[in-house]
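Novice: Using this note's numbering, count along the sequence shown one by one with no gaps and you end on 766. Following this message is one structure expressed as structure tokens.
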Amino acid sequence: MNRIKLATMAVTMLMLAGCTASEPYVEVKGKRFIVEVANDDASRAQGLMFRDELADDRGMLFVWRQSAPRAFWMKNTRVPLDIIYLDRNLQVVSIAANTPPCRLRQGRCPSYPSAGPARYVLEINAGQAAALGLEPGDRIEVGNIAGLE
């Protein structure tokens, strides 16, 4: 009986260690966000659309190979977001804060452009960038994201 308990505990510990150790994350002013990485056209187009909620410690990091002016819209996005534009060095270029869900018909949603070229975009719940005191020029840290460490 003790062997079964010990084996069960060992398997559980291995599973828990594997879950947290390899999750991609960004760190903003000391707060860690577990992120989904959108690094291809399909995942970038889908983004956080059709989600009814986003946990306070979650977000999405959009990745491109090159820096360029970027603009996001909130089509089919149900959760208000902060959209944080980052340059190739992961420094904040600009922040579109508290962007509301778009309830207008397709093609009529406003867009939120970056203030300069961006290679990465981080989306987190609305209000969190301000609550953390995040400003243009600040740098974020990343972990467990291939090619960004």
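Glycine included, C-beta positions come from ideal geometry on N, C-alpha and C.
1. Would you tell me roughly how many angstroms separate the C-alpha atoms of Val680 and Glu740, rounded to the nearest one?
2. So if DSSP puts Ala685 in a beta bridge, which residue, or which two residues, is it bridged to?
3. Would Phe689 and Ser728 qualify as a contact pair, given that the criterion is a beta-carbon distance under 8 angstroms?
4. Going by alpha carbons, who is nearest to Gly676 out of Val759, Arg736, Gly764, Ala735?
5. Per the DSSP calculation, Arg649 is bridged to which residue(s)?
6. One question on the structure: do Leu707 and Arg756 come within less than 8 angstroms of each other, judged by their Cβ atoms?
7. Taking all protein chains shown into account, decide if Ala746 is buried (16 or more other Cβ within 10 angstroms of its Cβ) or exposed.
Specialist: Quick look at the numbers:
1. The C-alpha of Glu740 is placed about 12 angstroms away from the C-alpha of Val680.
2. For Ala685, the pairing in a beta bridge is given by DSSP as Ala735.
3. yes
4. Val759
5. Glu644
6. Between Leu707 and Arg756, the gap from beta carbon to beta carbon is short of 8 angstroms.
7. buried
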